[in-house]
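Q: Counting in my numbering, the sequence shown runs from 31 upward without gaps.
Glycine residues also receive a C-beta, built at the ideal position from the N, C-alpha and C atoms.
Got a structure here, written out as C-alpha cells. Questions coming.
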Amino acid sequence: MTKVIPARAFTSDGTGYSAAITSYFNNLHRLRAKRNPKGLQFLSSRGENAGFMSSANRPARRPMRSCVSALQIILLLGCLTIFAVALYGQAPSSSPSTPPSNSSSDSGGSSMSAAPVQAPQFVPSQVQTSAQNPVFGSVPEEKPTPGVLQLTFSDAIERALRQNLAGLLSEYNTVEARGEKWQKLSDLLPNINGDVQEVRQKVSLQALGFSGSLFKGVNLPPVIGPFSYFDVRASATQRVFDWKSIQKYRSSVIGEGVAQYNLKDARDLVVLATGNAYLQAIAGAARVETAQAQVQTAKALYNKAVAQQQAGVAPAIDTLRAQVEYQTRQQQLIAATSDYAKQKISLARIIGLATRQEFELADKSPYQAFPIPDLETSVQRAYSFRSDYKAAHDRLVAAQLELSAATAGYYPSLDVAANFGEIGPTPGGVLPTYALFGTLNIPIFQGGKVHGDVLKAEASLRQAQAQMADTRAQIDQDIRNALLDLKSSSDQVEVAQSSVNLAEQALAQSQDRFSAGVTDNLEVVQAQEALASAHENFISSLYMHNLAKVSFARALGRAEEGVREYLSKGK
C-alpha cells in the first residue's frame, strides 16, 4: 500500500514538503507487503513477516529485495524532484528594478556588501502647447533684442502680462461683452432714421379691385400713371416699456463685469504660469551646474583609478567602475542640458519673447524663509480678493436677471413710432406731413416659446448656483493646499540642505580613504551618488518652496502684487 501525503502538509514556505517526505521515508520500513491486483508484491527491505512466504520461495527473496530497492530509489528521486519544483515555484522572483548588491574586498582584507544609492534620473519635461491651454502660448515680439537679454523675474511677468495668449483672449472677451451690452441697450433707446426718396410709378386699378362697375357713371381707366412724387422724411421708434428688454440689459451690464473679473483671473493665471516656468528654468540651470560638478568629480576619480592601476596598487575593477560612473555623469549632464534648453524655450513662449531671442536668467531665487499665515484669515482674504469668486457671484446675479427677463415674455409692451417729412410731386412743391403711432403689444399665445425660455433660464440659474458653491469650496481647498505646501516645502529645504552638507562630508572622507588605500573606489562611487541624490533633492525642494509662494499668492487672488513681494522679501 502506497502512503498518501495529506494536502495540509504542504505549506506556502516549502517546509511542509520537507517534513512530509522525511516522515514518509522514515516509516517506509513499516509498510507491509500486500498482494497487488496484477500479482506483484512489494516487500519491505528488512524482510518483516517472513512467514508470509513458503520455504520454497525463500531463495527468490534476494532478487526481489533488489527490485524493491530500485523502486524505492526511483520513488525517492521523483519525490525530491517534486519537492525542488515546489520550492522553486514558491520562491519570490527578484525584481528587475532591484539593483544587485555589490561586494568587494579592500586592501585591508575586509569585505563590504551594500546596495548603491540610486542616482537621480532626469525625466525629460513634457512640452505643453497653447492648444492644450492658451496660458502656454503668446503673441511673440516681431524683432529680437540685440545681444543676450538679461531676463529678471519681474521683467518676465511684465512681458507675459502684455504678450501672453490667455491674457489677450480674456481682454478680447471683455470687449465682446461690452459690445453685447450696447446691443441690449439699443432695444431701450430711440431709433431714429432719415430717408429721401424720388418715386415714379404706374398703378393698376384693376389689380387693386377698382373697375368700371364699382362706380356708376364713372369710367375708371385700368391703369393710372405714370406719375412721380418726392418725399423727404424722418422717422423714430421708441420702446416705452418692455420689462424683458430692461432685464436683459441689466444682465448684460453684469456680464461685462464678469468679463472684467475673468480678465483679472486670467492675469493671475498668467503670473502663476510665468512664475512656474521661470522657477523651473532656475532649477534646470542648477541641475546643469550640479551635473557639471559631478562630471568633474567623476573624471578626477577615473583618472586616479587609472593611475593607481598603472602603478599596480589597484585592480582593474576599480578603473572600470570609475569609468562607468564617469560616463553615467556625462549622460546625466547631457540630459540636464537638454531639459534646461527646453525649459527656456517654454518660458520664452509663455512671456512672448521673439523667436530665437537669446536670454539668460538674471535671478537665482535663493531660499528665504516664509512665515506661515493663519488659515481662517487667509480664507477670508481670498473671498475678498479672488476674481473668480467675484465672477461666480456676478454670474449668479446675471442668471437671476435672465430668468426675470424670460418670465417677462408673458408681459405686455408699449411702443411708439412717429414720422415727419415733406412730400410733393417735385422737390419744389412739397407739403409737410407727419404720423404718430402708439402700439400696445399683448402676448396671448406664442407657441410655448416663453415657457421654453423660462426653463432654460432656470437651468442656467441652477448651474450658476452650483458653480458659486463649488468656487467657494475650491478657494478653501486652494488655501489649505497652499499652506500645506509652504510648510512641507520649507521643511524639505532645510532637510535637503543638511543632507547636502552631510553627503559632501561623506564624499570627502571616502576620497581620503581611497587615496590612503584603506578601501577601493566603490565607497567613493556610492558617496558620489549619494551627493548627487542630495543635490537633486535640494534643487527640487527649493523649486517647490518658491512655487508654493507663487501658488499661495494665486490662491489669495493677488498674484500680480504678491509674487514680487513674496519672492523678493520672503513675506
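1) For Ala487, which residues of its own chain have a beta-carbon under 6 Å away from its beta-carbon, when the five flanking residues on both sides are left out?
2) What are the partner residues of Ala448, as DSSP defines its beta bridges?
3) Taking the beta strand (DSSP E) that Arg230 belongs to, which residues open and close that run?
4) Terminal residues of the continuous beta strand (DSSP E) containing Phe183?
5) Starting from the C-beta of Tyr464, find all residues in its chain whose C-beta is less than 8 Å away, skip the five residues before and the five after it, and write them out in chain order.
6) Determine the burial state of Arg92: buried for a count of at least 16 other Cβ atoms within 10 Å of its Cβ, exposed for fewer.
7) Grab me the residues of Tyr279's own chain with a C-beta within less than 8 Å of its C-beta, minus the 5 sequence neighbours each way, in chain order.
8) Can you find the residues in the same chain that come closer than 8 Å, C-beta to C-beta, to His575, ignoring five residues on each side of it along the sequence?
9) Opposite Gly454 in the DSSP bridges: which residues?
10) Using the beta-carbon count (16 or more within 10 Å), is Asp272 buried or exposed?
11) Under the three-state reduction of DSSP, which class applies to Gln541: helix, strand or coil?
12) Three or more C-beta pairs under 8 Å: does that hold for the segment 157-168 against the segment 357-366?
13) I need the boundaries of the alpha helix (DSSP H) containing Phe415, first residue and last residue.
14) CA-CA distance, Val480 and Ser275?
15) Does DSSP classify Tyr118 as helix, strand or coil?
16) Could you check the C-alpha separation between Pro252 and Pro220 for me, to the nearest Å?
17) Does the distance from the CB of Tyr419 to the CB of Ile505 come in under 8 Å?
18) What did DSSP end up calling Glu390 once you bin it into helix, strand or coil?
19) Assuming contact is defined by CB atoms lying nearer than 8 Å, are Arg317 and Ile569 in contact in what I supplied?
20) Three Cβ pairs or more, each shorter than 8 Å: is that satisfied between the segment 543-555 and the segment 488-499?
21) DSSP state of Leu58, grouped into three classes?
22) Please name the residue, chosen from Arg359, Gly177, Leu350, Val446, that lies closest to Ala323 on a Cα-to-Cα basis.
23) In the DSSP assignment, the alpha helix (DSSP H) including Tyr397 goes from what residue to what residue?
24) What do you reckon, are the CB atoms on Leu444 and Val229 nearer than 8 Å?
25) Can you tell me whether DSSP reads Gln162 as helix, strand or coil?
26) Check whether the Cβ of Ala341 lies closer than 8 Å to any Cβ atom in chain B.
27) Is it true that the CB of Thr304 sits closer than 8 Å to the CB of Ile375?
28) In whole angstroms, what separates the C-alpha of Val446 from that of Ala266?
29) Please state whether DSSP places Ile375 in a helix, a strand or coil.
30) DSSP three-state label for Gly305, please.
31) Where DSSP assigns a beta bridge to Ile569, which residues make up the other side?
32) Consult DSSP for Gly342 and reduce its assignment to one of helix, strand or coil.
33) Are Tyr308 and Phe183 touching if we call contact CB-CB under 8 Å?
34) Sorted by chain position, which residues of the same chain lie with C-beta nearer than 6 Å to Pro126's C-beta, five sequence neighbours on each side aside?
35) Can you name the residues that DSSP bridges to Gln180?
A: Result, derived from the coordinates:
1) Translated into positions along the sequence shown, residue 487 becomes position 457. For Ala487, where only same-chain residues beyond five positions count, the Cβ hits under 6 Å are Glu432, Leu433, Ala436.
2) As a first step, residue 448 must be located in the sequence shown, where it is residue number 418. According to DSSP, Ala448 bridges with Ala266, Leu466.
3) On the sequence shown, position 200 is the one that residue 230 refers to. That run of the beta strand (DSSP E) goes 221-234.
4) Within the sequence shown, residue 183 is the residue found at index 153, counting from 1. Element bounds for Phe183: not the beta strand (DSSP E) but the alpha helix (DSSP H), 183-193.
5) Within the sequence shown, numbered from 1, the residue matching residue 464 stands at position 434. Same-chain partners within the cutoff: Ala448, Asn449, Phe450, Gly451.
6) The residue labelled residue 92 in the question sits at position 62 within the sequence shown. Any answer about Arg92 is weak, because its pLDDT of 49 lies below 50 and its placement is not dependable; what the coordinates show is given next. When all chains shown are included, Arg92 counts as exposed.
7) As a first step, residue 279 is located in the sequence shown; it is residue number 249 there, counting from the start. Only Lys211, Lys214, Leu215, Asp217, Leu218 meet the Cβ criterion.
8) Taking the first residue of the sequence shown as position 1, residue 575 is located at position 545. Cβ neighbours of His575 beyond the five flanking positions: Tyr397, Phe400, Leu516, Ser519, Ser520, Gln522, Val523.
9) If you number the sequence shown from 1, residue 454 lands on position 424. In the DSSP output, where bridge partners are listed per residue, Gly454 has Phe260.
10) Position 242 of the sequence shown holds residue 272. Asp272 should be labelled buried.
11) Numbered from its first residue, the sequence shown carries residue 541 at position 511. Here Gln541 sits in helix by DSSP.
12) no
13) Locating residue 415 in the sequence shown gives position 385, where the first residue counts as 1. Looking at the DSSP string, the run of the alpha helix (DSSP H) that includes Phe415 is 405-415.
14) Against the sequence shown, residue 480 aligns to sequence position 450. Against the sequence shown, residue 275 aligns to sequence position 245. Going by the C-alpha atoms only, they are around 14 Å apart.
15) Within the sequence shown, the letter at position 88 stands for residue 118. For Tyr118, the predicted structure reports a pLDDT of 46, less than 50, and the residue's modelled location is therefore unreliable. The matter cannot be settled from this model.
16) Along the sequence shown, one-based indexing puts residue 252 at 222. Along the sequence shown, one-based indexing puts residue 220 at 190. Cα to Cα, the separation comes out at about 43 Å.
17) As a working mapping, residue 419 is identified with position 389 in the sequence shown. As a working mapping, residue 505 is identified with position 475 in the sequence shown. The criterion of a C-beta distance shorter than 8 Å is satisfied by Tyr419 and Ile505.
18) Looking up residue 390 in the sequence shown gives position 360. In this structure, Glu390 counts as strand in the three-state DSSP scheme.
19) Position 287 of the sequence shown, counting from 1, holds the residue named residue 317. Position 539 of the sequence shown, counting from 1, holds the residue named residue 569. Yes.
20) Here the segment 543-555 makes no contact with the segment 488-499; the two share fewer than three CB pairs at distances below 8 Å.
21) As a working note, residue 58 is residue 28 in the sequence shown. Low confidence applies to Leu58: its pLDDT is 44, below 50, so where it sits in the model is not reliable, and the reading given next is rough at best. Of the three classes helix, strand and coil, the one that applies to Leu58 here is helix, per DSSP.
22) Taking the first residue of the sequence shown as 1, we reach residue 323 at position 293. Among Arg359, Gly177, Leu350, Val446, the Cα nearest to that of Ala323 belongs to Arg359.
23) Here the question's residue 397 lines up with position 367 in the sequence shown. Looking at the DSSP string, Tyr397 is not in any alpha helix (DSSP H), and its letter there is neither H nor E.
24) For the purposes of this step, residue 444 is taken as the residue at position 414 of the sequence shown. For the purposes of this step, residue 229 is taken as the residue at position 199 of the sequence shown. Not closer than 8 Å, so no.
25) Sequence index remark: in the sequence shown, residue 162 carries index 132 (1-based). Residue state, collapsed to three classes: coil.
26) In the structure shown, chain B does not exist; there is a single protein chain.
27) Start at 1 with the first residue of the sequence shown, and residue 375 comes out as number 345. Start at 1 with the first residue of the sequence shown, and residue 304 comes out as number 274. No, they are not a contact pair.
28) Residue numbering aside, residue 446 sits at position 416 when the sequence shown is read from its first letter. Residue numbering aside, residue 266 sits at position 236 when the sequence shown is read from its first letter. The straight-line gap from Cα to Cα measures roughly 8 Å.
29) Here residue 375 is taken as the residue at index 345 of the sequence shown, counted from 1. Annotated three-state conformation of Ile375 is helix, per DSSP.
30) By one-based count along the sequence shown, residue 305 stands at place 275. Note: Gly305 maps to helix in three-state DSSP.
31) Counting from one through the sequence shown, the residue named residue 569 turns up at place 539. For Ile569, which the question treats as bridged, DSSP gives no partner whatsoever.
32) Here the question's residue 342 lines up with position 312 in the sequence shown. Here Gly342 sits in coil by DSSP.
33) Taking the sequence shown and counting its residues from 1, one reaches residue 308 at position 278. Taking the sequence shown and counting its residues from 1, one reaches residue 183 at position 153. Yes, they are a contact pair.
34) Against the sequence shown, residue 126 aligns to sequence position 96. Caution is warranted here: a pLDDT of 37 is assigned to Pro126, below 50, making its placement in the model unreliable, and no coordinate value can be reported.
35) Stepping through the sequence shown from its first residue, residue 180 is reached at position 150. The partner list for Gln180 (beta bridge, DSSP) reads Glu390.
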